[in-house]
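Trainee: Numbering (our numbering), first residue to last: 424 to 807.
This is the structure we're talking about:
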């Protein structure tokens with residue numbers, strides 16, 4: 424009876440729809456150990472990380488609740504977190520009903536008639552289906568073909584619990600679909616880049632170009648990150664636009680009997696960098712580790728490849744005129760990978776990031792092969 428009372432309270436509170444605007448505190452509620460609902464505001468903790476505490480505010484009164492202090496808490500029109508008996512952390516509710524389904528990190532939990540067990544656990548690309556106590560099996564209503572969990576993802580496990588509740592003619596509520604399908608974050612990025620132009624010796628037998636140019640430059644830009652809360656708490660896609668202005672200068676000498684050639688080469692690259700990356704981020708809060716990789720398109724705004732050759736023969740120096748060697752490609756393509764760390768502060772986040780990028784050839788001339796590799800370190804200011 425108490426379980427149905429709590430479920431009814433949740434259905435009423437969660438049914439209210441509010442603006443999805445990101446704020447430091449969002450309208451929410453806590454459910455006391457006695458089953459009463461307290462309305463107020465909850466500190467926004469994104470990416471499903473509300474496993475250890477709930478920071479609740481009513482006017483000027485702020486209190487932190489821990490798992491043994493309350494039965495659960497939730498955001499109005501959004502996520503709900505529950506405390507299973509005996510656990511020292513909260514779990515996120517996916518389905519509430521005669522049989523309820525919860526999730527925390529890589530574990531799914533089933534609860535029925537006050538008893539619960541770990542239904543399934545996922546380790547990376549491998550999945551392990553754990554034993555479920557007899558009182559929590561589906562076999563008291565479903566036939567043998569439908570009674571076992573065979574696929575370990577939110578959609579499949581939710582469908583199994585729904586099938587069981589329907590079989591029991593019991594009401595239920597799916598909370599997962601109340602999460603937004605798509606969330607966007609915008610960030611300002613600034614940092615330093617170590618750029619290196621690399622030429623291959625086997626296609627430059629005379630050595631009139633240096634093996635490697637190197638330059639340090641500043642970069643800045645705007646980044647956009649898309650998250651998919653309804654699908655995954657960890658997956659994200661990132662793009663944006665970054666300004667780059669690099670100047671590479673190289674020098675070589677060639678000696679032939681009584682003649683020495685001095686080659687000064689300058690390559691200027693001013694372009695916009697457009698990354699298209701897919702990444703994975705940890706579920707922890709407020710700090711997160713992030714990994715990403717993908718393709719990078721580079722749209723040149725202005726490029727030049729100038730070489731000046733001075734010739735010294737029998738002690739006499741003949742100075743040459745700067746000459747355009749050839750035009751570089753109208754656009755560049757490369758691959759990029761990076762690792763980062765961010766710390767969330769309510770509606771903002773501060774992040775640091777390191778990336779490595781390597782392009783394909785910057786030109787189509789068959790005599791030379793020139794590729795650009797970059798090591799960058801940047802600071803990010805993100806609007807959540």
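Glycine included, C-beta positions come from ideal geometry on N, C-alpha and C.
Under 8 Å, do residue 659 and residue 704 count as touching if we go by C-beta distance?
Mentor: In this structure, residue 704 lies closer than 8 Å to residue 659 by Cβ.
Trainee: Between the segment 447-466 and the segment 479-494, do at least 3 Cβ pairs fall closer than 8 Å?
Mentor: Yes: the two stretches touch, three or more of their Cβ pairs being nearer than 8 Å.
Trainee: Along the chain, where does the beta strand (DSSP E) that runs through residue 579 open and close?
Mentor: Note, residue 579: premise wrong, no beta strand (DSSP E); alpha helix (DSSP H) at 577-590.
Trainee: What's the C-alpha gap between residue 617 and residue 761?
Mentor: Straight-line Cα distance between these residues: approximately 15 Å.
Trainee: Going by the beta-carbon positions, is the gap between residue 496 and residue 533 smaller than 8 Å?
Mentor: Cβ distance not < 8 Å, so residue 496 and residue 533 don't count as in contact.
Trainee: Could you compute how far the alpha carbon of residue 796 sits from the alpha carbon of residue 619?
Mentor: Approximately 5 Å, taken between the alpha carbons.
Trainee: Can you tell me whether residue 752 is helix, strand or coil according to DSSP?
Mentor: Looking at residue 752 - three-state DSSP - the assignment turns out to be coil, as it is neither helix nor strand.
Trainee: Report the residue from 645, 680 and 671 whose alpha carbon sits nearest the alpha carbon of residue 664.
Mentor: Comparing Cα positions, the closest option is 645.
Trainee: Name the DSSP beta bridge partners of residue 483, please?
Mentor: Paired residues: none, contrary to the question.
Trainee: Could you give the distance in angstroms between the alpha-carbon of residue 806 and the alpha-carbon of residue 642?
Mentor: Spanning the two alpha carbons is a distance of roughly 20 Å.
Trainee: Please classify residue 515 as buried or exposed, where buried requires at least 16 other C-beta atoms within 10 Å of its C-beta.
Mentor: Per the 10 Å Cβ criterion, buried.
Trainee: With a threshold of 6 Å on Cβ separation, who are the neighbours of residue 727 within its own chain once the five nearest residues in sequence on each side are excluded?
Mentor: Hits under 6 Å: 691.
Trainee: Using only CA atoms, which one of 523, 594, 711 and 531 lies nearest to residue 767?
Mentor: Out of 523, 594, 711 and 531, 711 has the C-alpha closest to the C-alpha of residue 767.
Trainee: Between residue 793 and residue 785, which are expected to be in contact by the criterion C-beta below 8 Å, what is the C-beta distance as a whole number of angstroms?
Mentor: Confirmed, about 5 Å.
Trainee: Take residue 476 and list the residues in its own chain whose beta-carbon comes closer than 7 Å to its own, dropping the five residues that flank it on each side.
Mentor: So the qualifying residues of the chain are 487, 488 and 489.
Trainee: For residue 444, count neighbouring C-beta atoms within 10 Å of its own C-beta (all shown protein chains included) and say buried if the count is 16 or more, exposed if not.
Mentor: Because residue 444 carries a pLDDT of 36, less than 50, the predicted location of this residue cannot be relied on, and the following value inherits that uncertainty. It counts as exposed.
Trainee: Between the alpha carbons of residue 463 and residue 763, how many angstroms are there, rounded?
Mentor: Their Cα atoms are separated by approximately 34 Å.
Trainee: Mapping the DSSP letters down to three states, classify residue 526 as helix, strand or coil.
Mentor: In the structure shown, residue 526 sits in a strand (DSSP, three-state: E or B).
Trainee: Quick test of your reading: residue 584 and residue 518, contact by CB under 8 Å. State the CB separation rounded to the nearest angstrom.
Mentor: Contact holds; Cβ gap of about 5 Å.
Trainee: Quick check on this structure: which residue in 537, 737, 779 and 752 has the alpha carbon closest to the alpha carbon of residue 678?
Mentor: Closest by alpha carbon: 737.
Trainee: Taking the straight line between their C-alpha atoms, what separation do you get for residue 508 and residue 698?
Mentor: Each residue's alpha carbon lies about 46 Å from the other.
Trainee: In terms of DSSP beta bridges, what is residue 727 paired with?
Mentor: BP columns for residue 727 point to 691.
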